[in-house]
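Structure, as structure tokens:
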Amino acid sequence: MKAYRIHRYGGPECASLDEAPEPELRAHDLLVRIAGVSLNPVDYKTRHGALRVLYRPKLPATLGNDLAGEVIAVGSAVAGFKVGDRVIACSRINDMGSFAEVARIDARCASLAPSSIDLATASALPLAGQTAQQALRDLLHIRPGMHVLITAGAGGVGCLAIQLAKSMGAEVSTTASPRGDALVRAMGADHVIDYTTTDLASLGRTFDAVFDLAGGDALDACFKVARPGSTVISIAGLPTPSAASKALGMGMGIKTLFWLASLGLRRKAAANGVSYHYYFLHPNSSDLSALAAMVDAGTLKIIADRHFPFEQIADAMAYLEAGHAKGKVVVTL
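Going by our numbering, the first residue of the sequence shown is number 4, and it counts up by one from there.
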């Protein structure tokens, strides 16, 4: 089968579309004939080797976490799925491999695909949707009347996070460039902050909760605009030791490394009277099924910026990595 694999760590030249063996079916797995995959920053970060401290796949390794397709085989311990089912899924961080004609996925990370949209586009839902859903619900505890800031609202996670926060009853502010303004307003944002002209830190202690998708200077500013006693969650900052340990079962040495790496951010948060936490996604069927149901009910819209054919997956990766995408980038097979 064809698969998009990394052969060494580095730039785009280190990955190629080539022949690879089909994955072996394990007891809890589904084998899926892929109809579409969506790209995420974790994919090019993995290729760069930036995540080697978190997991180190044996090379050559097939990239990819999000998928949508048709089940062609079911593991002996799987219940609730059958051959022919149309499914979507996101792999766990140490079990990637969706950028292929056939992929293996733990059935506990999969759900039936929404029926109201095409299957390839549905691949844009699992990672971004569950990340937004879990961060807003489980860590920020969004409830009606809260004012939440979501940075980088025009990105793949941001578009879904705005909609989900609104569905939870929150007032939503987001940052975007003029090019992304119309999109984030269409997603339901109540207030749009033009980060090209506005210093976020100048807005004052305005927000009851902050979901940072940008990192860098934007994350530093988030600590200054969150109300004292509130929480800032990021997926673009440095992982905290507690988050890394919970997600990956890290030993003491790696936890110490993350303790040191995130110390500066945690100190900045504490100096402003707020809590800082990094969030690792925990893929599961229940959450993904709930998101798929929202799509079919018309209460959650997937924004796909561009569709690329599988033969152009390297171009799709370059497009995402260049920061051009508004919403998700999808590759069709």
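A virtual CB, placed ideally from N, CA and C, is assigned to each residue, including glycine.
Taking the CA atoms as reference points, residue 48 sits about 33 angstroms from residue 232. Counting C-beta pairs closer than 8 angstroms gives three or more between the stretch 86-99 and the stretch 120-134, which meets the contact rule. In the DSSP assignment, the residues bridged to residue 76 are 34.
Unbroken beta strand (DSSP E) stretches of 3 residues or longer found wholly inside the stretch 75-131: 89-93, 105-109 and 113-115, given in chain order. Ranked by Cα distance from residue 301, the options 22, 20, 118 and 236 are led by 118.
As for any beta strand (DSSP E) of minimum length 3 sitting wholly inside the stretch 263-326, the runs are 278-281 and 307-312, ordered along the chain.
For residue 163 and residue 236, the gap between their C-alpha atoms comes out near 16 angstroms. With three or more CB-CB distances shorter than 8 angstroms, the stretch 208-219 counts as touching the stretch 138-150.
Inside the stretch 151-199, DSSP marks whole beta strand (DSSP E) runs of 3 or more residues at positions 174-179 and 194-197, from first to last along the chain. In this structure, residue 23 and residue 103 form a Cβ contact; the two beta carbons are roughly 7 angstroms apart against a cut-off of 8 angstroms. Apart from the 5 residues on each side of it in sequence, residue 41 sits with its Cβ closer than 6 angstroms to the Cβ of 69, 126, 127, 331 and 333 in its chain, given in chain order. Residue 170 places its beta carbon less than 9 angstroms from that of residue 303. Proximity to residue 20 across 106, 315, 204 and 325 peaks at 315, based on C-alpha coordinates. Taking C-beta atoms as the reference points, residue 76 and residue 34 count as a pair closer than 9 angstroms. Between the alpha carbons of residue 227 and residue 25 lies a gap of roughly 50 angstroms.
For residue 124 against residue 217, the beta-carbon gap comes to about 25 angstroms, at or over 8 angstroms, which does not count as contact.
Closest in alpha carbon position to residue 187, among 305, 13 and 265, is 305.
Counting only the Cα atoms, residue 183 lies some 6 angstroms from residue 157. Close CB contacts of residue 195 within its chain, under the 7 angstroms cut and outside five residues either way in sequence, are with 177, 179, 184, 187 and 188 (chain order).
Sixteen is the threshold: when 16 or more other Cβ atoms of the shown chains lie within 10 Å of the Cβ of residue 50, as they do, the residue is buried. In terms of Cα proximity to residue 296, the closest of 116, 62, 260 and 55 is 116. Bridge partners of residue 13 according to DSSP: none are assigned.
Beta bridge pairing from DSSP links residue 69 with 93. Contact check for residue 14 against residue 336 fails: the beta carbons are separated by 9 angstroms or more. Here residue 232 carries a strand assignment [DSSP, helix/strand/coil]. According to DSSP, residue 20 shares a beta bridge with 7. With fewer than 16 other CB atoms across the displayed protein chains lying within 10 angstroms of its CB, residue 10 is exposed. 64 is the residue among 324, 325, 273 and 64 whose C-alpha sits nearest the C-alpha of residue 101. Counting of Cβ neighbours within 10 angstroms places residue 273 among the exposed residues, the total staying below 16. Shown here for residue 37: same chain residues with a beta carbon closer than 8 angstroms to its own, the five before and five after excluded, namely 70, 71, 72, 101, 103, 104, 105, 106 and 336 in chain order. Excluding the 5 residues flanking it on each side, residue 220 has no same chain C-beta neighbour closer than 6 angstroms. DSSP places residue 202 in the coil class of the three-state scheme, outside both helix and strand. Per DSSP, the continuous alpha helix (DSSP H) segment holding residue 46 begins and ends at 44-51. If you look at residue 331, you'll find it in the beta strand (DSSP E) that goes 331-335. Pairing residue 197 with residue 181 gives a Cβ-Cβ distance under 9 angstroms.
Annotation: the continuous beta strand (DSSP E) that includes residue 211 extends over 210-215.
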